[in-house]
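Beneath this line is the structure, given in structure tokens, with notes to follow.
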Amino acid sequence: MKMFKSLLVSTALAITAVPALAQDLTTVNMINPLPRSTNFFPLVVAEALGYFAAEGVEVNLLPSDTSIPYVAFVQNGQADLAMLDPVETVNARLAGANINTVFEVMQNAPEAIGVLDSSAYDSVDDLAGTTVGLVSDRDRAFLQASLDVVGKSIDDVQTVVLGESGPTLAAAIRDGEVSAISGAAPDWIALNANGINVRLITPQEMLSSPANTFAVNADMIEEKRAAIEGFLRAWNKGMYVAKVNPEMVAQALRLGVPAEWENEAAGQLFLDMSIGMNVSTTERLGDLQSDVWTALQPRLLSSGAIPELVDVGTFLNDTYIAAANDFDRAVVEAEAAAWLAANQ
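The following block contains the structure:
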């Protein structure tokens, strides 16, 4: 009987330790450029550690392969959060979208200009008069802004869209069809997997950029507060794990997105790049950098990416940041270590 009572007590404690029953969870609908991926590892890690459920939320990723601007999903209520880049954000505000940027997902630009490691090109300035490859047409704006930083313009180079195929990108730069490629982290990984070592020559001024952010409908700030603060706190915990236990992050990704880790070396390279982009440089994780947004806009304007400047005070809103950072780092470290020990 004593053992039975002990079992009942243990069971009761276990039940009370469960963060939330499935029917109690609030769904947070998010639209971002990718399904679950190493590229946005905080989501995968936080799910593996149960942090979203502990906050009473579950994450529903909306299909990202749409021609409809992501901001529209926030405006019509289909998405609670949309991941936007600075160009999308500023242009949305200029178009009258009532959105607030509430969190900086990536504070370092994932985009870059890459050349063959053995090439003679040392800066973007050296590319004048050559043909530069674009992974997609959307990479033109980044190339244009990078050229503008060094006093050149997009008219000083020829451009060709190469597509996302690793072998195609590798052949183009290896055979000299292009002098450089304007792309992002997944493209350098694809090149590496095809035997091409890339050296990045991106201007320093282009590296500090709120590359991806979370935007919400400004009218729903208070109504969605509990769910969004919980989501962001869980996201920050997943981000923080990468600072203290990157091997736990790697293992969670091996299990969570195995297709990206079929080639272990490529998966690890992808993670290393993603950690550099996702881990915040600000003291408060995900904090909003008004000065960076203000400094960025003239470059976007001169490159033609935006038609005019916008007062950052009209859309930057740090109302969720304090709550998103309100967690015990030591507890997260212990939980990550325990998870890794149980899942190796």
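The numbers in the working numbering rise by one with no breaks, and the one at position 233 of the sequence shown is 258.
Ideal placement from N, C-alpha and C gives every residue a C-beta, glycine not left out.
All figures in this text were calculated on a predicted structure; none of them were measured in a lab.
- By the criterion of a C-beta distance shorter than 8 Å, E202 is surrounded in its chain by T156, G158, V185, A196, once the five residues flanking it on both sides are discounted.
- Contact between R354 and Y265 holds: CB atoms are separated by about 6 Å, below the 8 Å threshold.
- Each of N57, G220, A243, A120 was checked against the Cα of T126, and the nearest Cα belongs to A243.
- Assigned with DSSP and collapsed to three states, L325 falls in helix.
- A distance below 8 Å separates the beta carbons of V282 and R61.
- Taken atom to atom, the span from the alpha-carbon of A330 to that of M273 is near 39 Å.
- Relative to the Cα of L86, the nearest Cα in the group L59, M298, A73 belongs to L59.
- In this structure, W260 sits away from A73, with a CB-CB distance that is not shorter than 8 Å.
- Each of R250, R279, N237 was checked against the Cα of A209, and the nearest Cα belongs to N237.
- By a beta-carbon distance limit of 8 Å, P235 contacts Q132. Their separation comes to about 6 Å.
- According to DSSP, residue pairing for V157 in a beta bridge involves T184, A205.
- Taking R309 as the centre and dropping the five residues before and after it, the same chain places the C-beta of I346, N350 closer than 7 Å to its C-beta, in chain order.
- For Y146, same chain residues with a beta-carbon under 7 Å away, outside a window of 5 residues either side, are V140, L152, S204, A205, I226 in chain order.
- R224: member of the beta strand (DSSP E) spanning 223 to 225, first to last residue.
- According to the DSSP assignment, V357 belongs to the alpha helix (DSSP H) that extends over 354 to 367.
- Per the DSSP secondary-structure output, N237 pairs in a beta bridge with M131.
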